[in-house]
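Worksheet for the structure shown next.
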Amino acid sequence: MKRMEQKLINLSLSRKKKCEGVANVRVSDIEEIDVPIRMHNEKEFAMLKESIKTTRIMLPLILIKKERGDGYILVDGRGRLKVAKEFGLEEVPAVIYSYEECDDEQRKEEARRLAIILNSF
Numbered sequence: 005m006k007r008m009e010q011k012l013i014n015l016s017l018s019r020k021k022k023c024e025g026v027a028n029v030r031v032s033d034i035e036e037i038d039v040p041i042r043m044h045n046e047k048e049f050a051m052l053k054e055s056i057k058t059t060r061i062m063l064p065l066i067l068i069k070k071e072r073g074d075g076y077i078l079v080d081g082r083g084r085l086k087v088a089k090e091f092g093l094e095e096v097p098a099v100i101y102s103y104e105e106c107d108d109e110q111r112k113e114e115a116r117r118l119a120i121i122l123n124s125f
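If you're matching positions, the sequence shown starts at 5 in the numbering used here and goes up one per residue.
Pasting the structure below:
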């Protein structure tokens, strides 16, 4: 088994989480956290903008629900969220996960780890 796959499995087993499904989420309810990941270059970003302009957002963002349920923490979809904001979209499709027995700081740390793993492939 590859090292990255093992990390993903270990991370997945480390927390009690539940997928709540896909829903449209208000852009204003999504918190972006600082994550050291590769961002789109200008050409890739222009292509993403054109794609979203033509077909809307086809691949949902990945979010973690905040502890009190008053918003979400972004795990994956920074480029899509940036385009949504530029286009003035009020809602975006998202896969939402909730975590038991975690405060918001732990949820943010989990989001950082997942973002790094998802962006390393």
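Using N, Cα and C, we set each Cβ at its ideal position, and we do this for glycine too.
According to DSSP, simplified to helix, strand and coil, what is E35?
Strand at E35.
Going by alpha carbons, who is nearest to V1 out of E109, I77, R84, L65?
Given that the chain is displayed from residue 5 to residue 125, the structure contains no residue 1 and the question cannot be resolved.
Pairing CB atoms from the region 67–84 with CB atoms from the region 101–121, are three or more of them under 8 Å?
In short, these stretches touch, since the Cβ pair count reaches three.
On a Cα-Cα basis, can you pick out the residue from K47, K69, V29 that is closest to K21?
It is K69.
By how many angstroms is the C-alpha of T58 removed from the C-alpha of H44?
Straight-line Cα distance between these residues: approximately 19 Å.
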